[in-house]
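Shown next, in structure tokens, is the structure this report addresses.
Number of protein chains: 2
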Amino acid sequence: MSEETAEIAVIGLGNAGLPLAAVAAASGIKVMGVDIDVKRCRLINQGVNPIPEEEGLEELIRLHGGEGLMATPRLEDAKFCHTFIVIVPLFVDPSFNPDFTIMENAVRSLGKILKKGDLVVLETTFPPGTTDTKIKAWLEEASGLKLGDFFLAYSPERIMTGYSLSRLREFPKVIGGTNEESGLRAYQIYKKFIPNLHLVSSAKVAEMIKVMEGCYRDVNIALANELFKIAEELGVDFFEAREYANHQYCHIHLPSTGVGGHCIPVYPWFLIKEMERIELFGHCNLLRGSRQVNDEMIHYWAEKILLRCMKIEKPLAEVKICIMGITFRAGVKEFYHSRNLALVRLLMEKGLNAYVYDPLLSKDEVERMGLRCIEPEKADLLFDPFLLRFEIPDGKAAFKGQTP
Amino acid sequence: MSEETAEIAVIGLGNAGLPLAAVAAASGIKVMGVDIDVKRCRLINQGVNPIPEEEGLEELIRLHGGEGLMATPRLEDAKFCHTFIVIVPLFVDPSFNPDFTIMENAVRSLGKILKKGDLVVLETTFPPGTTDTKIKAWLEEASGLKLGDFFLAYSPERIMTGYSLSRLREFPKVIGGTNEESGLRAYQIYKKFIPNLHLVSSAKVAEMIKVMEGCYRDVNIALANELFKIAEELGVDFFEAREYANHQYCHIHLPSTGVGGHCIPVYPWFLIKEMERIELFGHCNLLRGSRQVNDEMIHYWAEKILLRCMKIEKPLAEVKICIMGITFRAGVKEFYHSRNLALVRLLMEKGLNAYVYDPLLSKDEVERMGLRCIEPEKADLLFDPFLLRFEIPDGKAAFKGQTP
Numbered sequence: 015m016s017e018e019t020a021e022i023a024v025i026g027l028g029n030a031g032l033p034l035a036a037v038a039a040a041s042g043i044k045v046m047g048v049d050i051d052v053k054r055c056r057l058i059n060q061g062v063n064p065i066p067e068e069e070g071l072e073e074l075i076r077l078h079g080g081e082g083l084m085a086t087p088r089l090e091d092a093k094f095c096h097t098f099i100v101i102v103p104l105f106v107d108p109s110f111n112p113d114f115t116i117m118e119n120a121v122r123s124l125g126k127i128l129k130k131g132d133l134v135v136l137e138t139t140f141p142p143g144t145t146d147t148k149i150k151a152w153l154e155e156a157s158g159l160k161l162g163d164f165f166l167a168y169s170p171e172r173i174m175t176g177y178s179l180s181r182l183r184e185f186p187k188v189i190g191g192t193n194e195e196s197g198l199r200a201y202q203i204y205k206k207f208i209p210n211l212h213l214v215s216s217a218k219v220a221e222m223i224k225v226m227e228g229c230y231r232d233v234n235i236a237l238a239n240e241l242f243k244i245a246e247e248l249g250v251d252f253f254e255a256r257e258y259a260n261h262q263y264c265h266i267h268l269p270s271t272g273v274g275g276h277c278i279p280v281y282p283w284f285l286i287k288e289m290e291r292i293e294l295f296g297h298c299n300l301l302r303g304s305r306q307v308n309d310e311m312i313h314y315w316a317e318k319i320l321l322r323c324m325k326i327e328k329p330l331a332e333v334k335i336c337i338m339g340i341t342f343r344a345g346v347k348e349f350y351h352s353r354n355l356a357l358v359r360l361l362m363e364k365g366l367n368a369y370v371y372d373p374l375l376s377k378d379e380v381e382r383m384g385l386r387c388i389e390p391e392k393a394d395l396l397f398d399p400f401l402l403r404f405e406i407p408d409g410k411a412a413f414k415g416q417t418p
Numbered sequence: 015m016s017e018e019t020a021e022i023a024v025i026g027l028g029n030a031g032l033p034l035a036a037v038a039a040a041s042g043i044k045v046m047g048v049d050i051d052v053k054r055c056r057l058i059n060q061g062v063n064p065i066p067e068e069e070g071l072e073e074l075i076r077l078h079g080g081e082g083l084m085a086t087p088r089l090e091d092a093k094f095c096h097t098f099i100v101i102v103p104l105f106v107d108p109s110f111n112p113d114f115t116i117m118e119n120a121v122r123s124l125g126k127i128l129k130k131g132d133l134v135v136l137e138t139t140f141p142p143g144t145t146d147t148k149i150k151a152w153l154e155e156a157s158g159l160k161l162g163d164f165f166l167a168y169s170p171e172r173i174m175t176g177y178s179l180s181r182l183r184e185f186p187k188v189i190g191g192t193n194e195e196s197g198l199r200a201y202q203i204y205k206k207f208i209p210n211l212h213l214v215s216s217a218k219v220a221e222m223i224k225v226m227e228g229c230y231r232d233v234n235i236a237l238a239n240e241l242f243k244i245a246e247e248l249g250v251d252f253f254e255a256r257e258y259a260n261h262q263y264c265h266i267h268l269p270s271t272g273v274g275g276h277c278i279p280v281y282p283w284f285l286i287k288e289m290e291r292i293e294l295f296g297h298c299n300l301l302r303g304s305r306q307v308n309d310e311m312i313h314y315w316a317e318k319i320l321l322r323c324m325k326i327e328k329p330l331a332e333v334k335i336c337i338m339g340i341t342f343r344a345g346v347k348e349f350y351h352s353r354n355l356a357l358v359r360l361l362m363e364k365g366l367n368a369y370v371y372d373p374l375l376s377k378d379e380v381e382r383m384g385l386r387c388i389e390p391e392k393a394d395l396l397f398d399p400f401l402l403r404f405e406i407p408d409g410k411a412a413f414k415g416q417t418p
């Protein structure tokens with residue numbers, strides 16, 4: 015494949031962009047991937063998968079990397095493409111307002127190479143309305159073109175690291191345009207590599223769909239956490255009750271130390287901030303309350319850990335507490351808004367003797383975060399934040415007759 | 015069947031008790047049904063179904079009423095039974111505290127005829143812990159027996175008027191004892207007429223299961239209501255977004271005027287009140303917040319109705335507003351905590367010209383509630399509270415060029 019024959023450009027080859035680019039390439043489409051990470055581009059072009067935890071991706075990169083899927087750090091290399099898919103990150107600032115810096119740079123740069131008749135599709139999860147307003151304005155300003163000269167649509171990524179390929183190939187995916195023709199054109203292109211695709215009436219509806227899903231998850235995790243706390247007070251085994259409460263009309267989620275990662279804890283804020291902006295503070299009480307329930311779970315677990323420490327025959331400040339994982343979810347080496355990491359820090363702030371054991375991390379990596387490592391068998395109390403399970407290592411002294 | 019050969023007594027032949035009694039009778043068990051409503055008992059004994067909206071019940075009552083299923087207003091007629099299923103209502107007072115008056119009377123009366131070796135199973139939805147504490151104490155006091163002399167278990171009804179028979183025959187049902195032997199005995203009896211039965215570890219777990227289900231529904235309806243309000247503000251069609259947001263991992267419910275009936279709006283209070291009692295106010299923020307979101311939806315809809323009225327070419331106080339249904343749910347003539355009834359009253363309190371059209375109710379029945387009837391075609395604005403749909407009757411004048 016040469017630059018001139020590339021059909022689709024995928025801008026952003028991260029955990030969401032690369033699987034999408036690979037699936038498109040596997041459908042026989044010539045894809046030019048663009049990413050600022052030069053090393054990542056080189057790996058892809060050599061047929062080496064840079065996301066080992068993504069099942070099935072290795073084979074696709076080996077088959078198509080450097081062939082049907084070329085990667086480049088230079089956006090200009092994609093200038094012959096007619097479809098541009100933008101899938102770069104959108105972060106939030108410490109007050110959970112979206113920070114569009116990366117997005118604006120990427121979109122304005124894209125505007126500079128945009129040609130008449132080109133199609134731009136955004137995949138990054140947005141506050142509803144973003145594609146029709148900010149994205150459109152940035153593209154028009156940078157390109158000198160008007161919507162209609164180019165086409166603009168939105169199709170939210172629904173990937174989940176580890177399951178992204180099956181998500182792209184089996185899961186329903188939605189796409190909507192900023193105008194009718196944009197929607198239709200985007201649908202026709204995407205249909206070539208996304209089997210379960212649905213055209214919705216607008217980009218804004220497609221944006222809302224993705225955010226609503228996140229809100230459903232966040233609120234239902236908060237509900238599970240609240241019911242878990244209540245069940246504990248009542249002396250009821252939450253997990254037994256949940257098993258039989260759930261059926262085709264009831265889907266009580268699992269309790270946790272809270273919700274981390276770039277998605278679920280962030281998306282509700284998109285709606286909360288927008289309602290607050292228009293002074294409808296009461297329109298988001300449930301979303302705001304759920305965020306609070308989830309984020310405060312680390313205080314609940316810190317208290318539980320303290321009470322367990324009381325059963326150990328040592329002064330409290332000497333009890334070695336080991337948190338068995340600090341990533342935001344099990345098996346994925348990511349820390350954004352990780353409640354497990356926040357839990358360790360909270361315990362340390364309280365002056366407790368908190369350590370970390372995380373098989374995904376080296377001693378160095380843990381220490382660079384200002385934390386301390388311990389071998390589980392050397393700790394006095396283990397807490398697995400993924401399974402919410404306490405354990406006292408063999409041979410360690412709990413008070414007589416007590417279990418952890 | 016004679017009194018002496020009756021095996022199971024079902025105390026309370028209401029919307030939950032009668033289907034259960036009928037299903038047990040249809041399994042060949044001789045059932046003595048007890049209900050204070052003499053007329054209802056007479057109908058049942060004549061083979062006439064008193065709950066016409068319950069699909070399939072008519073046939074069962076015709077086949078078994080007065081035969082395998084006898085009904086009596088006298089509890090003493092059930093004294094030869096060895097299993098007593100109690101399924102009488104538990105109401106809440108205006109502050110949502112459970113009012114055990116009816117339950118205590120029924121259980122104490124039962125205690126007086128209780129014999130050694132008898133089994134008592136409660137089906138009414140309870141605050142978790144009720145069977146082990148209140149019910150046990152009342153039975154022991156009234157009978158002079160101790161638990162162990164008799165057996166006590168709990169199996170929450172999961173009926174839904176209109177679908178109760180299929181619920182009993184297909185849906186998973188749980189049962190748990192106040193002690194192990196009670197659970198096992200109750201399981202063996204129930205297994206004879208409930209195919210999809212699960213023994214759980216205690217009565218309290220079984221109680222919690224039912225309440226958790228109700229909380230799941232209430233919180234998820236509140237979430238749908240909140241997302242609906244936000245979508246309206248954003249100019250997004252909620253129903254379109256919901257259709258594509260929902261998939262195997264996402265179950266966004268339908269928005270509404272709130273939640274009525276004896277079940278869903280009541281059960282969260284069982285947990286809220288208990289957490290408040292032990293001063294854990296923060297343990298039920300989400301449940302309390304969801305109740306608030308749902309109960310306040312009538313204010314949201316009253317405002318929407320007002321804004322629609324502005325489009326009608328008449329002084330506001332003269333616009334005839336017709337609410338197309340005041341029962342708590344469509345097709346069921348029940349009013350407890352009906353938000354649609356509350357909505358009509360709210361509009362009237364505001365001085366608006368609100369009327370009712372409800373095909374389930376006569377003019378007299380509506381007027382006895384202090385409301386006024388209207389034929390839909392004579393109103394200026396119709397609001398269907400079940401479909402959340404506005405309409406202006408044909409020939410009525412909206413302002414030029416406006417739609418409702």
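Protein chains in written order, with the numbering used here: chain E, 15 to 418; chain P, 15 to 418. By construction, the Cβ of each residue, glycine as well, lies at the ideal position given by its N, Cα and C atoms.
Next on the checklist: I need the straight-line Cα distance from K328(E) to L241(E), nearest angstrom please.
Outcome noted: Taken atom to atom, the span from the alpha-carbon of K328(E) to that of L241(E) is near 33 Å.
Checklist entry - Going by beta carbon distance, what residues of the same chain come within less than 8 Å of P418(E), once the five residues before and after it are set aside? => result A caution first: P418(E) carries a pLDDT of 45, below 50, which makes its placement in the model too unreliable to give a value.
Checklist entry - Got a sec? Which residues, its chain only, sit under 8 Å from L128(P) by beta carbon, not counting five neighbours each side? => result Within the same chain, L128(P) has close Cβ partners F98, V134, L153, A156, S157, L159 and F164.
Checklist entry - Does the pairing of the region 54-64 of chain E with the region 203-214 of chain E give three or more beta-carbon distances under 8 Å? => result Touching, no, given that fewer than three Cβ pairs across the two stretches are closer than 8 Å.
Checklist entry - Between L361(E) and N367(E), what straight-line distance do the alpha-carbon atoms span, to the nearest angstrom? => result Those two C-alpha atoms are separated by around 8 Å.
Checklist entry - Taking DSSP as the reference, what is the three-state secondary structure of G409(P)? => result DSSP places G409(P) in coil when its eight states are reduced to three.
Checklist entry - What's the gap between the Cα of L77(P) and the Cα of I266(E)? => result 40 Å
Checklist entry - Going by Cα to Cα distance, which pick from E69(P), F94(P), D372(P) and E17(P) is closest to L32(P)? => result E69(P)
Next on the checklist: Can you confirm whether the region 329-337 of chain P touches the region 248-259 of chain P when touching is taken to mean that 3 or more C-beta pairs between the two stretches lie within less than 8 Å?
Outcome noted: no
Next on the checklist: Measuring alpha carbon to alpha carbon, tell me which residue in I388(P), N239(P), T271(P) and M222(P) is nearest E257(E).
Outcome noted: Closest by alpha carbon: M222(P).
Next on the checklist: Please state the DSSP three-state secondary structure of M15(P).
Outcome noted: In the three-state scheme derived from DSSP, where H, G and I count as helix and E and B as strand, M15(P) is classed as coil.
Next on the checklist: Can you check whether the C-beta of Y201(E) is within less than 7 Å of a C-beta belonging to chain P?
Outcome noted: no
Next on the checklist: Need the endpoints of the alpha helix (DSSP H) that L153(P) sits in, please.
Outcome noted: K150 to S157
Item to check | Cβ pair N308(E), I235(E) closer than 7 Å | outcome: yes
Checklist entry - Run through DSSP, which three-state label would P418(P) get? => result Only weak support is given to the placement of P418(P): the predicted model assigns it a pLDDT of 45, under 50, and the value that follows is read from those uncertain coordinates. Three-state DSSP puts P418(P) in coil, outside helix and strand.
Item to check | CA-to-CA distance, S215(E) to S180(E), given in whole angstroms | outcome: 26 Å
Item to check | K364(E) versus D408(E) - alpha carbon distance | outcome: 27 Å
Checklist entry - Going along chain P, which residues have a C-beta under 7 Å from L241(E)? => result M226 and C229
Next on the checklist: What does DSSP give as the partner residue(s) for L211(E) in the beta ladder?
Outcome noted: K187(E)
Next on the checklist: So with CB distances below 8 Å, who are the chain E contacts of F404(P)?
Outcome noted: Near F404(P) there are no residues of chain E at all, since even the closest Cβ is about 20 Å away, more than 8 Å.
Checklist entry - Nearest-angstrom Cα distance between Y230(E) and E18(E)? => result 44 Å
Checklist entry - When the Cα atoms are used, what is the spatial distance from K224(E) to L237(E)? => result 20 Å
Checklist entry - For H297(P) versus I189(E), is the C-beta distance shorter than 7 Å? => result No; because the gap between Cβ atoms is not below 7 Å, this pair is not in contact.
Next on the checklist: Please determine whether the Cβ atom of K126(E) lies at a distance below 6 Å from any heavy atom of the ligand COA.
Outcome noted: Absent from the structure shown: the ligand COA. Ligands present: none.
Checklist entry - Does the beta carbon of L32(E) sit closer than 7 Å to a beta carbon anywhere in chain P? => result no
Checklist entry - Would you say P142(E) reaches chain P, if we count a Cβ-Cβ gap shorter than 7 Å as a contact? => result yes
Item to check | Alpha-carbon to alpha-carbon, E73(E) and M46(E) | outcome: Answer to the nearest angstrom: the Cα atoms are 18 Å apart.
Item to check | Selected residue, minimal CA-CA separation from R291(P), among G42(E), T341(E) and E247(E) | outcome: Just measuring C-alpha positions, the residue of G42(E), T341(E) and E247(E) sitting nearest R291(P) is E247(E).
Next on the checklist: Using a Cβ-Cβ cutoff of less than 7 Å, which residues in the same chain neighbour K93(E) once the five nearest sequence positions on both sides are dropped?
Outcome noted: The answer, listed in chain order, is I127.
Checklist entry - V370(P) lies in the beta strand (DSSP E); which residues open and close that run? => result Looking at the DSSP string, the run of the beta strand (DSSP E) that includes V370(P) is N367 to V370.
Next on the checklist: Bridge partners for V333(P) per DSSP, in chain order?
Outcome noted: According to DSSP, which records beta bridges pairwise, V333(P) is partnered with nothing at all.
Item to check | 6 Å CB neighbourhood of D372(E) in its chain, flanking five on each side removed | outcome: G339 and I340
Checklist entry - Which residues of chain P have a Cβ atom closer than 8 Å to the Cβ of K218(E), listed in chain order? => result The contacting residues are L248, G249 and V250.
Checklist entry - When you compare each of Q306(P), S270(P) and Y204(P) to I286(P) by their alpha carbons, which one comes out closest? => result Q306(P)
Next on the checklist: Below 8 Å on the Cβ atoms is my contact criterion, and I expect V102(P) with T138(P) to pass it. Report the Cβ-Cβ distance as a whole number of Å.
Outcome noted: 6 Å
Checklist entry - What does I127(P) reach in chain E if we use C-beta pairs closer than 7 Å? => result Going along chain E, no residue has its Cβ under 7 Å from I127(P), so there is no contact; the nearest lies around 32 Å.
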